[in-house]
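To keep things clear, I will list the structure first and then write my remarks on it.
2 protein chains.
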Amino acid sequence: MKVAYLLYPRFTALDVVGTFQVLAAAPGTRSVFVAARAGAVVDDTGLCALQATASLGDIAFADVLVVPGSDCSCDPDPTLVEWIRVVHPTTTWTLSVGTGSSYLAAAGALDGATAATHWASAQRLTDVGVTYSDERVVRAGKVLTSAGASAGIDLALTLLGLSHGPAVAQTVQLTLEYDPQPPYDAGSPAKAPADIGGLVSSYYAQRCT
Amino acid sequence: MKVAYLLYPRFTALDVVGTFQVLAAAPGTRSVFVAARAGAVVDDTGLCALQATASLGDIAFADVLVVPGSDCSCDPDPTLVEWIRVVHPTTTWTLSVGTGSSYLAAAGALDGATAATHWASAQRLTDVGVTYSDERVVRAGKVLTSAGASAGIDLALTLLGLSHGPAVAQTVQLTLEYDPQPPYDAGSPAKAPADIGGLVSSYYAQRCT
């Protein structure tokens, strides 16, 4: 199973690595990190750089394509969108984490579909005609989209259940000791204190203007 | 708050990035990735390379030190252990994820303490005189240790609660949409089917001989 992770400036590191750590643990997985150019790509904190091992031109197909989100995906890069348009028809599964779904939408992979995204960017999906769902992981045919950042782990386990069966997914879950116990219960707008929800919404609104 | 992440060949990527994504979202955080030499450091899958932004000699102190685990930490690198011995006394908090606690133990930071590690490496801690706990996050004074891989997210949120207070921790949790919903319930040996637990134990035993 060849899994291609798309990297671009200001991607969110956990969107990629949470998903990667799960999928890479499945038997027979080959992973490739793809970017405009091979080399280091810096995340949306400006501090964490992942190494792209291939350029867009090197990769024309994948069994699984993973598109991460960013702290701001209001203007998906047209070069990346065009690459997704080429690769998506070759995949068995196409995935996005968080606002990565804005890239899939721009590439026409979510036409008429329901999809997830980071909760603070729901309106952006709606604006381009995609129905937003606040489910953690949403399936629309071969396209799986997820909520923000940490949801990539749930997304990837869901994919492994579909592609390899529950026993492999459970084996990977145990390998990564994925028995989450958040010390607080504020991980969604419905659960977080209202003032905190407002604060985070304002932050994202400012990032995307 | 200066946070130093120690990178070394065959580190587990999610141990670092799960923790990083949480701590980097807190106000006033500066992050540095430290390795024997600055440059790309390849993880334990051989496929994911993070960029070290400083060498060991560049960093003599940190407010927070984070030591990730590996798929095999049976022989902690003496050079890294010596560096931890120097930096640990300067920290306000010292953290490890998964088998990173073996590095802390080798550096004397867990003398007489109780600590967490990846469940499959519990015996390794016991062998060096540290009391193993299967809690997700364990505090021993200024040292916080966690279970494997994905537990770094819980660890980092716990730290933020201590260092910045619950409101900041909850704000970051909502920013990362950390509302985990694993599609299976197999994230600990007590929850996973017994045959899967045996399989993963055998895997780790083979990696470390």
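Protein chains in written order, with this note's numbering: chain A, 5 to 213; chain B, 5 to 213.
Ideal Cβ placement from N, Cα and C applies to all residues, glycine included.
Just so we're clear, the structure is a prediction, and the values are computed from it rather than from any experiment.
For residue 35 (chain B), the residues of chain A that pass the 8 Å Cβ criterion are 49, 51 and 52, in the order they occur in the chain. The stretch 49-65 of chain B and the stretch 98-117 of chain B do not touch, with fewer than 3 CB-CB distances between them shorter than 8 Å. According to the DSSP assignment, residue 104 (chain A) belongs to the alpha helix (DSSP H) that extends over 104-110. The beta carbon of residue 12 (chain B) does not come within 8 Å of any beta carbon belonging to chain A, so the residue lies off that interface. DSSP places residue 43 (chain B) outside any alpha helix (DSSP H); the residue lies instead in the beta strand (DSSP E), whose first and last residues are 43-46.
Less than 8 Å divides the Cβ of residue 38 (chain A) from the Cβ of residue 8 (chain A). Secondary structure in the stretch 107-167 of chain A: the beta strand (DSSP E) runs of 3 residues or longer, each lying completely within the stretch, are 141-144 and 147-150 in chain order. For residue 182 (chain B), the secondary structure class from DSSP, reduced to helix, strand or coil, is coil. By alpha-carbon distance to residue 177 (chain B), the top candidate from A:123, A:107 and A:85 is A:123.
Contacts with chain B at 8 Å (Cβ-Cβ) do not include residue 31 (chain A). In summary, the residues of the stretch 169-186 of chain B whose CB is separated from some CB of chain A by less than 7 Å are 170, 171, 173, 174, 175, 177, 178, 179, 180, 181, 182, 183, 184, 185 and 186, in the order they occur in the chain. The Cβ atoms of residue 120 (chain B) and residue 142 (chain B) lie closer than 8 Å to each other. Inter-residue distance for residue 32 (chain B) and residue 200 (chain B) is about 43 Å (C-alpha atoms, whole angstroms). For the stretch 191-203 of chain A, the beta-carbon criterion of a distance under 8 Å to any beta-carbon of chain B is satisfied by 191, 192, 193, 195, 196, 197, 200, 201 and 203.
CA-CA distance, residue 70 (chain B) to residue 172 (chain A), rounds to 30 Å.
Near chain B, meaning a CB-to-CB distance below 8 Å, the residues of the stretch 106-137 of chain A are 122 and 123. Taking a Cβ-Cβ threshold of 9 Å, none of the residues of chain B is close to residue 142 (chain A); the smallest such distance is about 12 Å. Contact check for residue 118 (chain A) against residue 151 (chain A) fails: the beta carbons are separated by 8 Å or more. Scanning A:179, A:154 and A:129 for the CA closest to the CA of residue 105 (chain A) turns up A:129. Here residue 35 (chain A) is not near residue 54 (chain B), since their CB atoms are 8 Å or more apart.
Contact between the stretch 9-28 of chain B and the stretch 200-209 of chain B is absent: fewer than three C-beta pairs spanning the two stretches fall below 8 Å. Around the C-beta of residue 135 (chain A), fewer than 16 other C-beta atoms lie within 10 Å, and the residue is accordingly described as exposed. Look at the stretch 52-99 of chain A and you find these whole runs of beta strand (DSSP E), each 3 residues long or longer: 53-56 and 68-71. Taking C-alpha positions only, residue 155 (chain B) is separated from residue 133 (chain A) by approximately 37 Å.
Collapsing the DSSP output to three states places residue 11 (chain A) in coil. Boundaries of the beta strand (DSSP E) around residue 38 (chain A): 34-39. For residue 210 (chain A), no chain B residue has a Cβ inside 8 Å of its Cβ, as the nearest lies near 13 Å away. Chain order gives no chain A residues near residue 88 (chain B), where near means a beta carbon separation below 9 Å; the closest approach is about 21 Å.
Against residue 154 (chain B), the close residues of chain A are 157, 180, 181, 182 and 184, in the order they occur along the chain (beta-carbon pairs closer than 7 Å).
Those residues of the stretch 12-26 of chain A placed with their C-beta closer than 7 Å to a C-beta in chain B are 17, 18, 21, 22, 24 and 25, ordered along the chain. Proximity of residue 58 (chain B) to chain A, defined by a Cβ-Cβ separation below 8 Å, is not satisfied.
Here the C-alpha atom of residue 97 (chain B) lies approximately 30 Å from the C-alpha atom of residue 202 (chain A). Residues of the same chain with a CB within less than 7 Å of the CB of residue 16 (chain A), apart from the 5 flanking positions on each side, are 47, 48, 72, 73, 74, 75, 102 and 153 in chain order. At a cut-off of 8 Å between C-beta atoms, residue 99 (chain A) does not count as an interface residue with respect to chain B. Identification of chain B residues near residue 104 (chain A) by a Cβ-Cβ cut-off of 7 Å yields none; the smallest Cβ-Cβ distance measures about 13 Å. For residue 161 (chain B), the nearest CB of chain A lies under 8 Å from its own CB, placing it at the interface with that chain.
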